[in-house]
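Asks:
Number of protein chains: 2
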Amino acid sequence: MALAAPALPFTFVVHVLGIALVVLVLVWNIHFRGGLAWESTNKSLIFNIHPVLMLIGLIIIGGEAITSYKALPLKKEVKKLIHLVLHAIAIALGIIGIYCAFKFHNESGIANLYSLHSWLGIGVIVLYCIQWLYGFVTFFFPGGSQSVRQGSLPWHVLFGIIVYVLAVGTATLGFLEKLTFLENSGLTKYGSEAMLVNCTAVITVLFGAFVVLSVLSQGSAGDDDYTAI
Amino acid sequence: MALAAPALPFTFVVHVLGIALVVLVLVWNIHFRGGLAWESTNKSLIFNIHPVLMLIGLIIIGGEAITSYKALPLKKEVKKLIHLVLHAIAIALGIIGIYCAFKFHNESGIANLYSLHSWLGIGVIVLYCIQWLYGFVTFFFPGGSQSVRQGSLPWHVLFGIIVYVLAVGTATLGFLEKLTFLENSGLTKYGSEAMLVNCTAVITVLFGAFVVLSVLSQGSAGDDDYTAI
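So the sequences go chain by chain: A and B.
Residue 59 in UniProt numbering sits at position 59 of the first sequence, and the numbers go up by one each step.
Residue 2 in UniProt numbering sits at position 2 of the second sequence, and the numbers go up by one each step.
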């Protein structure tokens, strides 16, 4: 199902939307929500770390890790290293981000793991880690045989896309859940903060779509590392 | 990115999960939520039509329409007809389902179109209709030239998958939104209804994943109509 379109323009869109998302999620949590804090009597500031790290980590850096094979004019081995290091950073930020959600809940007396967002979120981080470990062992160190790599690659790409799309979906659930809580506490439904959060979520979906499009499109000549293992 | 796996087993999983989803969404809305009604003084009964028709329409019948090319041992022209008719039924049920959400809002004095679920939902139904119309005109009547069909097919498949995944994501947003409203009104967070709704949402995600897997896998010999236009 490879598309007869060059991937590079799609990767440019990924970069631009990624920068926009970083700005939007920081404006939301610092300007509208009061800022970020690891320790605070205002427990909401602890929570605010959660959307910032999940979006910058799993979604944006994770998305850049996926597109790096198509976006960068470098040798295969260098791109592979960038791919796995960016994904490792994404996972690390994701785990810290998830820890902050639990920390906020525990210090505020809020129940854990009752919502669909939390269920899918735990699923995503577990699958993301499994995917990373399988990729590391098979394609990097110690590395599988040529036939194992060839047999594994389409499944690695497909499973990676599925986990990534699930991460994007879980992020949109998080935006909706947090905004619904805020609106139930009196936030105006058509106000500037609500519009900002909804627009951030829509741009997150677009970002994810362009990441997938870049994977399915053609790399530069002799540069398509999804077929050259 | 076609997978070296037969599609048929994936389509069986789609059927089984689809039947499970029909049962779950009906149990939720009839047993737990009090039933369905087009006109009622209990406006919640009007709303209840919405999740039932959206899930059975866009998600389940839409998913069966997508997998029909891989699931049915019939001639290409027959499968094409089944594909477009099932999608037309999915769209019709989707439009009635969306109408019921507006009807419930309007008769209950609730604001329209402020949530991410509603924004993405309107986007999905519009894109779904565009996709159907383009497919009808290009592949059915009057039908494009051979080169137009060949050039269009990968984009038709890709755009179809993107719209379908967006529909599944929007459905999960709807489950989370409705459950959050109910929990804010006193529903137990770890109670049987909450578990039922979350499980229905998780199975919806699995259903969507198996629909996509069936599209990307191999049809029976000489039967893969995603390459034979």
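Each residue gets a CB set at the ideal place from its N, CA and C atoms; glycine is no exception.
Would you identify the three-state DSSP class for G51(A), choosing helix, strand or coil?
Replies: Residue 51(A) is actually Pro in this sequence, not Gly. Correct three-state label for P51(A): helix.
Asks: In the DSSP assignment, the alpha helix (DSSP H) including A39(A) goes from what residue to what residue?
Replies: It should be pointed out that residue 39(A) corresponds to Glu in this sequence rather than to Ala. Per DSSP, E39(A) belongs to no alpha helix (DSSP H) and is neither H nor E.
Asks: I61(B): which of V27(B), V14(B), L45(B), S40(B) sits nearest, CA to CA?
Replies: The candidate whose alpha carbon is nearest that of I61(B) is V14(B).
Asks: May I ask which residues mark the beginning and end of the alpha helix (DSSP H) holding Y128(A)?
Replies: 116-135 is the extent of the alpha helix (DSSP H) around Y128(A).
Asks: Measure the alpha-carbon distance for N29(B) versus V124(A) and round it to whole angstroms.
Replies: If you take the alpha carbons of N29(B) and V124(A), they lie about 28 Å apart.
Asks: Quick one: what does DSSP say P73(A) is sitting in, helix, strand or coil?
Replies: Three-state result, P73(A): coil.
Asks: Thinking C-beta only, is A201(B) closer than 8 Å to M54(B)?
Replies: In this structure, A201(B) does not lie closer than 8 Å to M54(B) by Cβ.
Asks: Cβ atoms of F10(B) and F139(B): under 8 Å apart, would you say?
Replies: For F139(B) and F10(B), no; Cβs fall outside 8 Å.
Asks: Can you name the residues of chain A whose CB is closer than 7 Å to the CB of K75(B)?
Replies: Going along chain A, no residue has its Cβ under 7 Å from K75(B), so there is no contact; the nearest lies around 23 Å.
Asks: Just to make sure I have the definition right: I need the residues of chain A whose C-beta is within less than 7 Å of the C-beta of N184(B). Which are they?
Replies: The answer, in chain order, is N184.
Asks: Looking at chain B, is there any beta carbon in it that lies within less than 8 Å of the beta carbon of G169(A)?
Replies: Interface residue, yes.
Asks: Would you verify that the beta carbon of P154(B) is, or is not, closer than 8 Å to some beta carbon of chain A?
Replies: Yes, its Cβ sits closer than 8 Å to a Cβ of chain A.
Asks: Could you tell me whether the Cβ of T172(A) comes closer than 8 Å to any Cβ of chain D?
Replies: No chain D is present in this structure, whose protein chains are A and B.
Asks: Measuring CB to CB, does I91(A) end up less than 8 Å from Y128(A)?
Replies: It is a contact, given that the beta carbons lie within the stated cut-off.
Asks: Got a sec: which bits of the stretch 117-145 of chain A sit with their beta carbon under 9 Å from any beta carbon on chain B, in order along the chain?
Replies: Cβ contacts with chain B come from H117, W119, L120, G123.
Asks: How do the stretch 67-83 of chain B and the stretch 31-49 of chain B stand: do at least 3 beta-carbon pairs fall below 8 Å, yes or no?
Replies: As far as the Cβ criterion goes, the stretch 67-83 of chain B does not touch the stretch 31-49 of chain B, which means the pair count is below three.
Asks: Tell me which residue opens and which closes the alpha helix (DSSP H) that V163(B) is part of.
Replies: Segment 146-184, the alpha helix (DSSP H) holding V163(B).
Asks: With A7(B) as the anchor, note down where its alpha helix (DSSP H) starts and where it stops.
Replies: Taken as a continuous stretch (DSSP letters only), A7(B) belongs to no alpha helix (DSSP H), as it is neither H nor E.
Asks: Taking all protein chains shown into account, do 16 or more other C-beta atoms lie within 10 angstroms of the C-beta of G109(B), making it buried, or fewer, making it exposed?
Replies: Exposed is the call here.
Asks: Give a yes or no on whether 8 Å exceeds the smallest Cβ distance from K70(B) to chain A.
Replies: Not closer than 8 Å to any Cβ of chain A, the Cβ of K70(B) fails to qualify, so no.
Asks: Between the C-alpha atoms of E107(B) and L120(B), what's the straight-line distance to the nearest angstrom?
Replies: Approximately 23 Å between the Cα atoms of the pair.
Asks: Using only the alpha-carbon positions, how far apart do H105(B) and I95(B) sit?
Replies: Spanning the two alpha carbons is a distance of roughly 16 Å.
Asks: Measure from the C-beta of F32(B) to each C-beta in chain A and report whether the shortest distance is under 8 Å.
Replies: Judged by the 8 Å Cβ criterion, F32(B) is not in contact with chain A.
Asks: What do you reckon, are the CB atoms on K70(B) and G174(B) nearer than 8 Å?
Replies: Not in contact: K70(B) and G174(B) (Cβ atoms no closer than 8 Å).
Asks: Following the continuous alpha helix (DSSP H) through V215(B), name the residue where it begins and the one where it ends.
Replies: Unbroken alpha helix (DSSP H) run through V215(B): 192-216.
Asks: Answer with yes or no whether the minimum CB distance from Q218(A) to chain B is below 8 Å.
Replies: With 8 Å as the cut-off, Q218(A) does not count as an interface residue toward chain B.
Asks: So, does the CB of F175(A) fall closer than 8 Å to a CB anywhere in chain B?
Replies: Judged by the 8 Å Cβ criterion, F175(A) is in contact with chain B.
Asks: Measure from the C-beta of S44(B) to each C-beta in chain A and report whether the shortest distance is under 8 Å.
Replies: No, S44(B) lies away from the interface with chain A (no Cβ there is under 8 Å from its Cβ).
Asks: Under 8 Å by Cβ, that's how I've got L93(A) and I56(A) pegged, so tell me the actual separation to the nearest angstrom.
Replies: Right, the Cβ-Cβ distance comes to about 6 Å (below 8 Å), so this counts as a contact.
Asks: Between L72(A), R33(A), L116(A), which lies nearest to G169(B) when the distance is taken from Cα to Cα?
Replies: Here the closest residue by C-alpha is L116(A).
Asks: If the criterion is Cβ atoms closer than 8 Å, does the pair L216(A) and L158(B) meet it?
Replies: Their beta carbons are under 8 Å apart, which means L216(A) touches L158(B) by this criterion.
Asks: Using the Cβ count rule (16 or more neighbours within 10 Å means buried), how would you classify T67(A)?
Replies: The residue is buried, with at least 16 neighbouring Cβ atoms inside 10 Å.
Asks: Mind pulling the chain A residues with CB within less than 7 Å of S115(B)?
Replies: Chain A residues near S115(B): L176.
Asks: Is it buried or exposed, H83(B), if we count other Cβ atoms within 10 angstroms and call 16 or more buried?
Replies: Per the 10 Å Cβ criterion, buried.
Asks: Under 7 Å between beta-carbons, which chain B residues line up against V85(A)? List them in chain order, please.
Replies: Residues of chain B passing the Cβ test: none, with the nearest at roughly 25 Å.
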